[in-house]
Amino acid sequence: MWALNARHLLAAPWDADDVDRLVDHARSHDLSNNINTNETVPTPARMESITSRLESIHRAFPIHTFPAPHTPAPHGGAPVLHIFPTKSRGARVWGDGHASLDVECVRYQALAAFSNYTCQLQQTFCHDASPTGRLPFLVTPDGAVHGGRDIEGVVTREAGDIDARLSEPDRADCRTYAALVDAKITLALMYSLWMDEDNMTKYTSLLHGSFYVPLLGRWVARSLRSKIMVWIESRRPSVARDEVYEEARTALSALSTRLGASLYFFGTKPTTLDAIVFANLHVILSSRTPHAELFQAVNRHDNLVQYTRRVWNTYFAPNRDSFSGSTSSQ
């Protein structure tokens, strides 16, 4: 039998069914052995008082009903690309409000824009929502969820291969330079943001923590850092700071030479290489980190800076609806 007192009611993890059963019990049973009162047998008025109080407790502490979990876009709707937010929250605001603050998300935003792939953007800061454990991910109208490199496959099937016009030697060069960017520049960027203590404390942690209450925000940032460190160490078991930045500078010089005075890396139209390069350069030039080795390295190459600005103005500027869809946040 239950002892009807406030301490018991507030200590238990009640749900709506628990409270309803308790009210029914109070109405239909003799509670004389469980109520702290001098009355031997509760009168009808006393019983009504008890049930009234229980119902008032139910009203005072309503059971919170969480919204239904996210469901994919219905069949026939536009695909939805889930990306890390385009602007931070809180006292310090970073981001332009159009391109994501995450390098992988910018990469697939750019790929969708270059391919004229129609999709909606959904901003989310929850990496665990992705099937790969990292943003971005794409939900197609049939309900399928695609993460990581699978997104490129979907975009290519639906909108065409933007590298199809390249000759075989150029396609090989495109893959080679893309691998160079991933191995040297993206790795250096991740190192700068997550393993440099000052950058982590004064920028990265604050950025990712801005979407949560302070204590939870710090925990989320540390958790993400652990995952990124595993990724970095899987690429480079022995990471030396100076070596990482020097290799990134060499890779940037190679990109600058390859680009020259061209609009894009392979002529007048963007390719998958442009999506990867733009994502890295944009995040490097947009990040306000205390230690700015990569920012300085990019700024040594005026053509790379102008290239980044040109791509942003063409595909991400506020007055351009590159994605033929809406942008929302959660």
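For what it's worth, full-length UniProt numbering labels the leading residue of the sequence shown as 1, then goes sequentially.
Backbone N, C-alpha and C define an ideal beta-carbon position, used for all residues, glycine too.
It should be emphasised that the depicted structure is a prediction, and the values quoted were computed from it without experimental measurement.
Rounded to the nearest angstrom, how far is the Cβ of residue i from that of residue j, given a contact under 8 Å?
i, j, result
"Thr201", "Leu193", "At roughly 11 Å, the Cβ-Cβ gap does not stay under 8 Å, so Thr201 and Leu193 are not in contact."
"Pro85", "Gln123", "5 Å"
"Ile185", "Ala99", "About 17 Å separates the two Cβ atoms, so there is no contact after all."
"His221", "Leu294", "Before going on, a small fix: residue 221 reads as Ala here, not His. Not a contact, Cβ separation roughly 20 Å."
"Ala159", "Tyr117", "4 Å"
"Leu189", "His208", "Rounded, the Cβ-Cβ distance is 15 Å, inconsistent with contact."
"Ser88", "Gly97", "Actually they do not touch by this definition, with Cβ atoms about 10 Å apart."
Straight-line CA distance for residue i to residue j?
i, j, result
"Gly77", "Glu152", "19 Å"
"Asp128", "Val139", "15 Å"
"Arg218", "Leu206", "8 Å"
"Phe316", "Phe266", "20 Å"
"His301", "His291", "19 Å"
"Asn313", "Asp102", "19 Å"
"Pro136", "Thr289", "23 Å"
"Cys105", "His282", "12 Å"
"residue 337", "Phe211", "No information on residue 337 is available, as it lies outside the stretch 1 to 330 that the chain covers here."
"Pro169", "Val154", "25 Å"
"Tyr264", "Asn280", "15 Å"
"Thr176", "Ala183", "11 Å"
"Cys174", "Leu187", "19 Å"
"Pro131", "Met229", "20 Å"
"Ala68", "Val298", "Caution applies to Ala68, whose pLDDT of 46 falls short of 50 and renders its modelled position unreliable; the value that the coordinates give is listed next. The alpha-carbon atoms of Ala68 and Val298 are separated by roughly 45 Å."
"Pro74", "Gln120", "For Pro74, the pLDDT reaches just 45, beneath the cut-off of 50, and the residue's location in the model is therefore unreliable, leaving the point undetermined."
"Leu255", "Val213", "41 Å"
"residue 385", "Glu233", "Nothing about residue 385 can be reported from this structure: the residues present for the chain run from 1 to 330 only."
"His146", "Arg107", "15 Å"
"Leu285", "Pro141", "35 Å"
"Arg309", "Ser287", "15 Å"
"Leu216", "Gly148", "26 Å"
"Arg226", "Met195", "It is Ser, not Arg, that sits at residue 226 in the sequence shown. Approximately 10 Å between the Cα atoms of the pair."
"residue 353", "Gln296", "Residue coverage of the chain in this structure runs from 1 to 330, which leaves residue 353 outside it and unanswerable."
"His82", "Phe125", "9 Å"
"Arg157", "Ala144", "14 Å"
"Thr268", "Asp150", "27 Å"
"Leu304", "Gly133", "31 Å"
"Val311", "Asp198", "30 Å"
"Glu246", "Arg235", "16 Å"
So the beta strand (DSSP E) residue i belongs to, where does it begin and stop?
i, result
"Phe137", "137 to 139"
"Ile284", "Looking at the DSSP string, Ile284 is not in any beta strand (DSSP E); the run it does join, the alpha helix (DSSP H), is 272 to 286."
"His82", "80 to 83"
"Leu121", "120 to 123"
Following the continuous alpha helix (DSSP H) through residue i, name the residue where it begins and the one where it ends.
i, result
"Asp302", "302 to 315"
"Gly209", "205 to 209"
"Leu193", "187 to 194"
"Cys105", "103 to 114"
"Asp298", "Contrary to the premise, residue 298 reads as Val rather than Asp in this sequence. Val298 -> alpha helix (DSSP H) spans 293 to 299."
Regarding residue i and the ligand PLP, is the C-beta to nearest heavy atom distance less than 7 Å?
i, result
"Ile162", "Absence of the ligand PLP is noted for the structure shown, with no ligands found whatsoever."
Say whether the segment 161 to 177 touches the segment 256 to 274, bearing in mind that this needs 3 or more beta-carbon pairs closer than 8 Å, one atom from each stretch. yes
Tell me whether the segment 255 to 266 and the segment 231 to 245 touch, counting them as touching only if at least three CB pairs, one residue from each stretch, are closer than 8 Å. no
Would the segment 108 to 121 count as touching the segment 274 to 283 if we require 3 or more Cβ pairs under 8 Å? yes
Could you name each continuous alpha helix (DSSP H) segment of 4 residues or more that falls completely within the segment 142 to 183, going from the start of the chain to the end? 150 to 159, 168 to 180
Whole alpha helix (DSSP H) elements within the segment 234 to 276, 4-residue minimum: 241 to 259
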